[in-house]
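Participant: All residue numbers for the sequence shown refer to numbering that gives the first Met the number 0, where the first residue is 0 and numbers rise by one.
Each residue gets a CB set at the ideal place from its N, CA and C atoms; glycine is no exception.
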Amino acid sequence: METGFAVTAFLSLILNLILPEEEADEETPELTANELDDAADAEEWNRIHGKPQAMDGAAGTQGEAKV
């Protein structure tokens, strides 16, 4: 059983020296759900608190907050 561990350790050492390091992708922005849903969250809180909503660009009508 000790021979298997020695072979595995030797093989991993060789592969570690041969294989190049993985480069980190710095160009990909990290987005979280909080950042993506800010507009929808603000609209929902305005609806909850009864504040008037902004014009809806898709329908072209102004929404009404009903409590």
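So, helix, strand or coil for Glu43, using DSSP?
Facilitator: By one-based count along the sequence shown, residue 43 stands at place 44. Correct three-state label for Glu43: helix.
Participant: Where Glu43 and Lys50 are concerned, what is the direct C-alpha to C-alpha distance, given to the nearest angstrom?
Facilitator: As a position in the sequence shown, residue 43 is number 44, starting the count at 1. As a position in the sequence shown, residue 50 is number 51, starting the count at 1. Answer to the nearest angstrom: the Cα atoms are 10 Å apart.
Participant: Going straight from the alpha carbon of Ser11 to that of Glu21, what length do you get?
Facilitator: If you number the sequence shown from 1, residue 11 lands on position 12. If you number the sequence shown from 1, residue 21 lands on position 22. For Ser11 and Glu21, the distance between alpha carbons rounds to 16 Å.
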